[in-house]
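Visitor:
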Amino acid sequence: VQLQAFGGGLVQAGGSLRLSCAASGSIFSRNIMGWYRQAPGKERESLATISVFGNTDYADSVKGRFTISRDNAKNTAYLQMNDLKPEDTGVYYCTARPYGTQKTYWGQGTQVTVSS
-3 VQLQAFGGGL
7 VQAGGSLRLS
17 CAASGSIFSR
27 NIMGWYRQAP
37 GKERESLATI
47 SVFGNTDYAD
57 SVKGRFTISR
67 DNAKNTAYLQ
77 MNDLKPEDTG
87 VYYCTARPYG
97 TQKTYWGQGT
107 QVTVSS
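This is the structure in structure tokens:
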């Protein structure tokens, strides 16, 4: 599975961004998609996942502000980020895990910087 994330950038606190993750090399609909973030000096953390059935799960730090979604027809997953805070700054990675396996594929990161 090849993943390409894009949509990062610089935004002021309170603003919004939408990240996209384009996937290829497998049947997209059969992958559990996720987004991770690595903030400066911190470990990489899981932010959101969406199952092959469309069920979503979020980290407490982003619940109510971020929304993960997928468009199987476009082989793309999204992360809509609203009410961004300076602590949301970091490199954002998308992941794909084929359903029924433990193998996780990672895309290259996209930088998100939130200024105060």
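Numbering (our numbering), first residue to last: -3 to 112. For every residue, glycine included, the Cβ atom is placed at its ideal position computed from N, Cα and C. Nothing here was measured: the structure is a model prediction, and the numbers come from that model.
(1) Determine the direct distance from the alpha carbon of A1 to that of Y32, and round the result to whole angstroms.
(2) Might you give, ordered along the chain, the residues of its own chain that have their beta carbon closer than 6 Å to the beta carbon of S65, omitting 5 neighbours on each side?
(3) Between A44 and Y54, how many whole angstroms is the CB-CB distance? I'm expecting something under 8 Å.
(4) Can you name the residues that DSSP bridges to V73?
(5) Please check the pair A35 and P82, which I expect to be a contact at CB under 8 Å, by giving their CB distance rounded to whole angstroms.
(6) Count the other CB atoms within 10 Å of the CB of L15; is the residue buried (16 or more) or exposed (fewer)?
Guide: In this structure, then:
(1) 11 Å
(2) Y74
(3) 5 Å
(4) Rather than Val, the amino acid found at residue 73 in this sequence is Ala. Answer is C17 and R66.
(5) Between P82 and A35 the Cβ distance is about 10 Å, and since that is not below 8 Å, they are no contact.
(6) buried
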